[in-house]
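**Student:** The numbers in my numbering rise by one with no breaks, and the one at position 107 of the sequence shown is 107. Here a beta-carbon is modelled for each residue, glycine too, at the ideal position from N, C-alpha and C. Please read these numbers as outputs of a predicted model, since none were measured by experiment.
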Amino acid sequence: INIATVGAYSGGPGVGAYGASKAALLNMTRTLSMEFAPWNIRVNAISPGPIRSELTNGAEAMAPGFFARAAAATTMKRVAETTEIVGPVLYLASDASSFVTGEDHVVAGGMPRR
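1. May I have a chain-ordered list of the beta strand (DSSP E) segments no shorter than 3 residues that lie completely inside the region 15-65?
2. So for V6, helix, strand or coil by DSSP?
3. Please go through the same chain and pick out, in chain order, the residues whose beta-carbon is closer than 8 angstroms to the beta-carbon of T82, but skip the five residues on each side of it.
4. Measure the beta-carbon distance from L92 to N27 and round it to whole angstroms, keeping in mind my assumption that it falls under 8 angstroms.
5. Less than 8 angstroms separating the beta-carbons of I46 and V89?
6. Roughly how many angstroms lie between the CA atoms of M34 and G109, to the nearest whole one?
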């Protein structure tokens, strides 16, 4: 299970390299899913939207209002907590997703993927 970001779908000022690397990770996820399928190995990704973490806490410290702007960009009008990624990870790690491979599970509170 690879962890990408909803930012892999659209870039943004100051995060070009980060978004590009995560877009490459999504491509690698799809490619590895095809390469490992003969051994029944599944490869998937999760792309979180805005989430409170060490990385985003730093962004808030450097640019106050980061969390408010990020929350405004989601349909749910809030930023996720790290615990909200656990369920999707458990699903992809379990047999409940036995026919899921090469997919990106977006967990972004309805944030548009432009």
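**Tutor:** With the given structure in hand:
1. 45-48
2. The three-state reading of DSSP puts V6 in helix, counting H, G and I together.
3. I51, R52 and S53
4. That pair is no contact at about 18 angstroms.
5. yes
6. 29 angstroms
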